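Student: Pasting a structure below so you can have a look.
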Amino acid sequence: MRRNAEDKMNKNKNRNKIAMLLTAGCISLLLGGCAASGAAAGGAGETSGEGDGNGAITITNVSYDPTRELYAAYNEAFSKHYEEKTGKKIEIIQSHGGSGGQARSVVEGADADVVTLALAHDITLIEEAGLIESGWIDEFERDSSPYTSTIVFLVRAGNEKDIHDWDDLIKEGVGVISPDPKSSGAACWNFLSAWYYADRQYGGDEAKIKDFMSKLYGNVVVMDSGARGATTTFVENGQGDVLVSWENEAISTVKEYPGEYEIVSPSISILAQPSVAIVDENAGKNGTTEVAHDYLEWLYSEDAQRIIGEYNYRPSDENVLKEYADKFDLNMELCTINDFGGWDEAYAVYFKDGGVFDEIYSN
Amino acid sequence: MKGFKLTFGVTVFMFSLLVFIPLASILVYSFSLSPAEFWEIISADNVRNSFITSIVCSLFAALINCFFGVILAWTLVRYEFKFKLLLDGLIELPFALPTAVAGITLSKMYSNTGFPGKWLSKAGIDVAYTHLGIIVALVFVGIPFVVRAVQPVLEKLDKQYEEAAYVLGAGKLTAFKRVILPEIMPAMLTGFGLAFARGIGEYGSVIYISGNSAKEKTQVVSYVIMQKLNYMDYAGATAVALLMLVISFLILLFVNIVQIRQSRHTNEL
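Going line by line, the protein sequences match chains S and H. Under the numbering used here, the first residue of the first sequence is numbered 1, with each subsequent residue one higher. Under the numbering used here, the first residue of the second sequence is numbered 1001, with each subsequent residue one higher.
The following block contains the structure:
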C-alpha cells in the first residue's frame, strides 16, 4: 500500500516537472516574441495622428542604429522649425535598431510614418509588402538620400601594421574586424568596397579578385553580427589591428577616445546612400502624409545639412559638404551600388546562400 | 475530480495560445517549401555545422552545470555562512540580466585582453571567439536551473540516511554515491534538461562571445536563423527552426524518460 502511495506521489512529481518544463518553454517563447517585436513596440505603442490631447501632432520615425544621435538633434531642430512655420507642435517618436530588423518590424506592423534606413534595399522590402508606393526613390532629391557615408579603416594609434589601403589588409599577420555580411548591412558595404578595389587592381580578373577576397576574409579574426558589435570587439575587447567601419562611426570613435585611434581612408571606397521614405499606407491612415513629407524634405535644408555634418554624416548639399572638408576625406574615389547593378542584383550574386561570399569564405 | 474541468480548460487554453498555436504556425509556414527545398536548406554546410555546435556545446554546458550546480546547491543547503542569503539571491541573476549584457561582459572578460582571458590565453587557452566561449556563456545562463532543481530535494533529504550509511561502515564517497546521489538524481536530470534546452535556443549571450564564424564552426542555430531573417528569408528560417524544434523535443523527451525511470528506481531502493 505504502509503495503505491509513494508511486502515485512520484508520478505527480514527474508531472509537475513536465509542467515546469512546459511553463519554462512558454516563458522563453513569450520572451522570444517580445524581443522580436521589441523594436516594433517602440513605434507601435502610442503613435497617433493629429488630434492628440494637447493638440500636438505625433509621427514615428523608424531608423537604424548609428543615427540615434543625429535624429535626436534633428528632431529638436525640426520641431522648432515646424512650430515657427505652422504654429503647431510636433512630437517625433524615434526607433532604432539593425536596419534589416527595423524594415522587418515595419512590414510586420510597426506604425512608422517615415523610415530612414541604411539601405535602399530595406525600403524596397517595405515597398514589396505594399506599404510604400513605388517610385519613392524619386520623391526626394538625390535618390531620397539626404546624407551619405562611406567605408573607412579605423586603426590603433601609431598604425603599427602600416595600413593604408585595402591591399594592406591581406598581409599576413594583420587582424581585420568586419561584421558578417550575412547578417549586417554595413558588412555588405565593406565587402563591396573591397571587391571594387580588387576589381580595379586586377582589371576584372574574377579568379584573382576572389583570391584577394579570400585572403581578406581569411584575416578577419572576429565576425560580429552587426556594426556596433564589431566596434565593441575592436575598441572594448582589443581584438584585431584594423576595423572596417562606417565613416561616421569611425569619426565618433576617434572623438570618444582621443589619441587612441586613427582613421585611414583607403584610395577607393563605396558611397553608401542611406535612404528615407514616407510609409504611405501608415501615414495615410494616421493623417500625417503632409507632415511626414515636410519632415523628410527639411533634411535637405541648409540648417539640417549642417546638423548632418556635425553628426559625422556627409551632407548631400555640396556647398555644405565643402565646409566639412577637414572632417571627410573628399579625395577618395567612391563607387556606388549601381556599379554592382543595384542592390537586388548585388544581393543575389554576392550574399545569397551559395553566393560569392560563401564561395570565397569557405576556401 | 473536483475542479478538473476548470483547471484543465485553463491549461488547454493557455497552452494553445502560448505554445501550440505558435509551434503549429512554424509547421504550417514550413509547408510552403517542397521537401526537396526543405532538404536543401537543412543540409547546407553552415546549417549542419550550427546544429552540431549548438547541441555539443549545450551538452557540455549542461554537464558542467550539473557538476557545479550540485556543489552550489550543497553549499547553500548544508552550511551556514555569512552572506548566505545574498549568495542565494544571486543565483537567479543570470535570468534577470539581459542576455546581450551578459554576452558583451563575458566576451570582454574572456578575450585575450580581459581578465581572466589574458592569463588563459597566455597559457594557450583561447576562450572568447571559440567553442569554449560558447560553453562559458551557456554555463552562465544555465546554472540557475540545476541549482534551483536540486536545492529543495537536498533540503528535504533526511540526514539520518547518511548517518545510517556511516554507521554501516560506508566511507564519504560511498555514502554520497549510494545514498545522496540517487536521491538528487531525478532533480539533477530535470535541471540538466532545462539547462540543455535553454542552451540550444540561446541567442543574446552567445553571439557576442562566439565570433559567429562559419569557418571556425562557431555559429549557433539561433544565429543562422537570425541570418536568414535578416534577409527576410522566412521560409528558410522556419525550416531551420522546425528542425531545431524536432531535435530539441526528442532530446527533452529522452531526458524526461530517463528521469522518470530514475525516480522510479530511486523509490524502489
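For glycine and all other residues, C-beta sits at the position ideal for the given N, C-alpha and C. A quick note: this is a predicted structure, and the numbers were derived from the prediction, not measured.
Under 6 Å Cβ to Cβ from G51/S, same chain only, skipping five residues before and after it: list those, please.
Tutor: A caution first: G51/S carries a pLDDT of 43, below 50, which makes its placement in the model unreliable, though a value can still be read off. Same-chain partners within the cutoff: there are none.
Student: Decide if D358/S is buried, meaning its Cβ has at least 16 other Cβ atoms within 10 Å, or exposed.
Tutor: D358/S should be labelled buried.
Student: For N61/S, does the three-state DSSP call read helix, strand or coil?
Tutor: Strand, per DSSP.
Student: Measuring only the C-alpha atoms, how far is I1180/H from F1145/H?
Tutor: Straight-line Cα distance between these residues: approximately 19 Å.
Student: Keeping to the same chain, check which residues put their C-beta closer than 6 Å to that of L131/S; ignore five residues upstream and five downstream.
Tutor: Taken in chain order, the residues that qualify are V279, E281.
Student: Would you call the segment 59 to 79 of chain S and the segment 116 to 136 of chain S touching, i.e. three or more CB-CB distances under 8 Å?
Tutor: The segment 59 to 79 of chain S, when compared against the segment 116 to 136 of chain S, does touch it at the 8 Å Cβ threshold.
Student: F328/S to R314/S, Cα distance in whole Å?
Tutor: Rounded to whole angstroms, F328/S to R314/S spans 8 Å at the Cα level.
Student: Just to confirm my understanding: we take Y1223/H, look at its own chain, exclude 5 residues before and 5 after, and list those with CB closer than 6 Å. What are they?
Tutor: Correct list, in chain order: I1207, N1212.
Student: Who are W246/S's beta bridge partners in DSSP?
Tutor: Per DSSP, I151/S.
Student: At a CB distance below 7 Å, what residues from the segment 1093 to 1112 of chain H approach chain S? Give them in sequence order.
Tutor: Those would be I1104, S1107, K1108, S1111, in chain order.
Student: May I ask whether a heavy atom of the ligand SAH can be found less than 6 Å away from the beta carbon of S1058/H?
Tutor: The ligand SAH is not part of this structure, which contains no ligands at all.
Student: What do you get for V1246/H, buried or exposed, if any count of 16 or more other CB atoms within 10 angstroms of its CB means buried?
Tutor: That one is exposed.
Student: Going along the chain, which residues of the segment 206 to 224 of chain S sit with their C-beta nearer than 9 Å to a C-beta in chain H?
Tutor: Per Cβ criterion, the list reads Y217, G218, V220, V221, V222, M223, D224.
Student: Starting from Q94/S, trace the beta strand (DSSP E) in both directions and tell me its first and last residue.
Tutor: Counting along the chain, the beta strand (DSSP E) containing Q94/S begins and ends at 90 to 95.
Student: Using a Cβ-Cβ cut-off of less than 8 Å, give me the residues of the segment 142 to 162 of chain S that come near chain H, in sequence order.
Tutor: Those would be none; no residue qualifies.
Student: Leaving out five residues before and five after L1250/H in sequence, what residues of the same chain have Cβ atoms less than 8 Å from its Cβ?
Tutor: If we look at L1250/H and ignore the five residues flanking it on each side, it has no Cβ neighbours.
Student: How many whole angstroms separate the CB atoms of A272/S and W189/S, which I take to be in contact at a CB cut-off of 8 Å?
Tutor: Contact holds; Cβ gap of about 5 Å.
Student: Can you tell me whether DSSP reads A277/S as helix, strand or coil?
Tutor: Correct three-state label for A277/S: strand.
Student: Under a CB-based cut-off of 7 Å, is A40/S close to chain H?
Tutor: With a pLDDT of 36 at A40/S, under the threshold of 50, the predicted position of this residue should be treated as unreliable, though the coordinate-derived value follows. For A40/S, the answer is no, since every Cβ of chain H falls outside 7 Å of its Cβ.
Student: Measuring only between beta-carbons, confirm whether Y1161/H sits less than 7 Å from chain S.
Tutor: Cβ-Cβ to chain S under 7 Å: no for Y1161/H.
Student: Less than 8 Å between the CB atoms is what I'm expecting for T86/S and S316/S, so what's the real figure, rounded?
Tutor: Incorrect: roughly 25 Å between the Cβ atoms, too far for contact.
Student: At 4 residues or longer, and completely inside the segment 79 to 148 of chain S: list those alpha helix (DSSP H) runs for me, N to C.
Tutor: List check, alpha helix (DSSP H) in window: 99 to 107, 120 to 128, 141 to 144.
Student: Given Y1166/H, which residues of its chain have a CB within under 8 Å of its CB, disregarding the five upstream and five downstream residues?
Tutor: Only A1175 meet the Cβ criterion.
Student: What is the C-beta distance between V1143/H and N1065/H, in whole angstroms, given that I count them as a contact (C-beta under 8 Å)?
Tutor: Inspection of the sequence shows that residue 1143/H is occupied by Ile rather than by Val. Confirmed, Cβ separation roughly 5 Å.
Student: From this set, A77/S, H164/S, A292/S, which residue's C-alpha is nearest V244/S's C-alpha?
Tutor: Minimum Cα distance to V244/S is reached at H164/S.
Student: Going by DSSP, what residue range makes up the beta strand (DSSP E) through V221/S?
Tutor: Unbroken beta strand (DSSP E) run through V221/S: 220 to 222.
Student: With a 10 Å radius around its C-beta and 16 neighbouring C-beta atoms as the bar for buried, classify M1001/H as buried or exposed.
Tutor: Looking at its Cβ environment, which holds fewer than 16 other Cβ atoms inside 10 Å, M1001/H is exposed.
Student: Near R200/S, which residues of its chain fall below 7 Å by C-beta distance, leaving aside the five closest residues on each side in sequence?
Tutor: So the list reads I268, once near-sequence residues are dropped.
Student: Taking Cβ positions, are L296/S and V114/S nearer each other than 7 Å?
Tutor: Contact flag set, yes.
Student: Less than 7 Å separating the beta-carbons of A1241/H and F1038/H?
Tutor: Not closer than 7 Å, so no.
Student: Here's the rule: buried if 16 or more other CB atoms are within 10 angstroms of the residue's CB, otherwise exposed. What is K255/S?
Tutor: Classification for K255/S: exposed.
Student: Locate the beta strand (DSSP E) running through V264/S, then write down its first and last residues.
Tutor: Counting along the chain, the beta strand (DSSP E) containing V264/S begins and ends at 261 to 264.
Student: Using a beta-carbon distance below 7 Å, is S178/S in contact with chain H?
Tutor: So, not an interface residue.
Student: Who are the Cβ neighbours of F212/S in its own chain at under 6 Å, not counting the five residues just before and after it?
Tutor: The answer, listed in chain order, is A198.
Student: Check each candidate in K1082/H, E1162/H, Y1110/H, V1147/H and name the one with the smallest Cα separation from A1137/H.
Tutor: Nearest C-alpha to A1137/H: Y1110/H.
Student: Verify whether the separation of the beta carbon atoms of Y202/S and C335/S is less than 7 Å.
Tutor: Going by C-beta atoms, Y202/S is not nearer than 7 Å to C335/S.
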